[in-house]
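Structure first, then comments.
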Amino acid sequence: MDQLQSLDSMEGLVLVEETATPRGFARLPKGDLIYAVYPGLLVAATIGLASTWLATRYDAPVMLFALLLGMAFHFLHEDGRCLAGIEFASRTVLRIGVALLGVRITLDQLAGLGTAPVVIVLGGVATTIFLGWAFARALKLHPTFGVLSGGAVAICGASAALAIASVLPKSSRLEADTILTVVLVTAFSTVAMVIYPIFAESFGMSYATAGIFLGGTIHDVAQVVGAGYTISDETGEIATYVKLLRVAMLLPVVFIIAAVVSATQGPVGETRVQIPYFLIGFAVLVLVNSTGTIPEDIRVLTADASRWFLVTAIAALGMKTSLRQVFAVGWKPIGLVAVETGWIFVFVIAGIYFLA
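All the letters of the sequence shown, read from the start, carry residue numbers 34 to 389 under our numbering.
Spelled out as structure tokens, the structure:
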């Protein structure tokens with residue numbers, strides 16, 4: 034499973050080669066880590082700055098520029114010296130940015146959305162995972178791949194795939210299926226980040242409705258944030274909230290899958306799954322911001338920092354994206370993930386129409 038560390042957009046940190054840490058870095062706190070990540074992190078931040086300039090110059094979405102420019106520098110993700118920093122930016126920097134988004138949201142804003150997002154998320158997660166399992170069997174793929182891909186599409190992309198894999202029976206097939214799930218779901222999520230905002234605007238969705246749509250359909254947290262803020266700040270905030278509702282489903286889903294596997298095949302894997310710290314941080318900041326105790330200048334500064342973190346993370350995500358890996362697999366796995374993606378798209382649209 035070590036190969037997954039370089040593919041997952043939310044977990045861990047990759048250090049692909051051991052190099053001696055220069056004396057100047059060694060004297061710093063966490064000097065080894067700083068030395069390992071600074072080249073790739075600096076590249077991601079530079080692409081983020083260039084994207085911000087282009088977005089200002091041409092009045093276009095900064096997140097889209099960051100993604101596309103990052104993809105142009107994908108070759109750096111294959112370079113040992115930059116890899117650790119790119120992974121760090123696409124995971125840790127992303128998590129910090131998402132957590133800090135809490136200062137832009139209050140409980141009053143969330144209450145205004147009603148219960149519709151919760152109902153849509155619950156239904157979407159349950160039905161997408163079941164659909165993945167059923168269609169995998171219909172396509173004569175191993176059901177494990179259906180559960181992994183369905184969970185990844187329904188919840189939070191690569192992170193969900195890794196968490197679910199930890200409670201499934203271990204085999205060489207499981208490792209291959211997990212790697213394939215990470216590659217395909219990341220690719221589909223990246224395409225959705227570009228296409229879905231265009232769809233939302235073409236059909237005249239309000240900012241709030243577009244936020245529910247994007248947060249409920251796109252697979253990975255990073256792409257949800259990127260797509261939401263492509264439309265507006267309000268859309269980005271609501272999309273993030275809805276997406277984090279889906280992330281919160283990871284814990285119960287993993288425990289349910291573990292219970293089913295244990296009942297049918299005996300206990301396997303590790304069933305202890307922690308709630309992501311960035312989700313806790315986001316919730317805490319929403320609560321604090323709702324009290325009105327955060328000074329306005331601090332709130333604005335924190336919100337700006339969040340935006341910079343997210344632009345940098347999206348640039349890193351672009352550098353990680355390899356379309357060549359996607360087209361190297363057969364049509365059945367691609368078809369299954371496409372069906373799952375299409376299902377949650379239709380389910381969320383229907384939910385918005387009937388509930389929101």
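All residues carry an ideal CB built from backbone N, CA and C; glycine is no exception.
- Secondary structure within the stretch 213 to 274: the alpha helix (DSSP H) runs of 4 or more consecutive residues, fully enclosed, are 240 to 250, 254 to 264 (chain order).
- In terms of Cβ geometry, Ser295 and Gly130 do not form a close pair [threshold 8 Å].
- In the DSSP assignment, Gly184 falls within the alpha helix (DSSP H) that extends over 176 to 187.
- Counting of Cβ neighbours within 10 angstroms places Arg170 among the exposed residues, the total staying below 16.
- For Lys276, the three-state secondary structure derived from DSSP is helix.
- Per DSSP, the continuous alpha helix (DSSP H) segment holding Val95 begins and ends at 95 to 105.
- DSSP, reduced to helix, strand and coil, places Ser199 outside both helices and strands of the structure shown, so it counts as coil.
- Relative to the Cα of Leu217, the nearest Cα in the group Leu388, Val293, Leu155, Glu373 belongs to Glu373.
- Using a C-beta cut-off of 8 Å, the stretch 177 to 186 makes contact with the stretch 159 to 168, since at least three inter-stretch Cβ pairs fall below that distance.
- For Leu74, the three-state secondary structure derived from DSSP is helix.
- Each of Ala291, Ile271, Val379, Leu284 was checked against the Cα of Asp141, and the nearest Cα belongs to Ile271.
- DSSP places Ser84 in the helix class (H, G or I) of the three-state scheme.
- Shown here for Ala348: same chain residues with a beta carbon closer than 7 Å to its own, the five before and five after excluded, namely Ala77, Ile80, Gly81, Ser84, Ala99, Leu102, Gly103 in chain order.
- A distance below 8 Å separates the beta carbons of Ala255 and Leu127.
- DSSP places Lys365 in the helix class (H, G or I) of the three-state scheme.
- Contact between Leu388 and Val152 holds: their C-beta atoms lie close to 6 Å from each other, under 8 Å.
- Taking C-beta atoms as the reference points, Gly135 and Val319 count as a pair closer than 8 Å.
- The three-state reading of DSSP puts Ser204 in coil, since its state is none of H, G, I, E or B.
- Assigned with DSSP and collapsed to three states, Met282 falls in coil, not helix or strand.
- Annotated as distal: Val381 and Gly269, with beta-carbon spacing of 8 Å or more.
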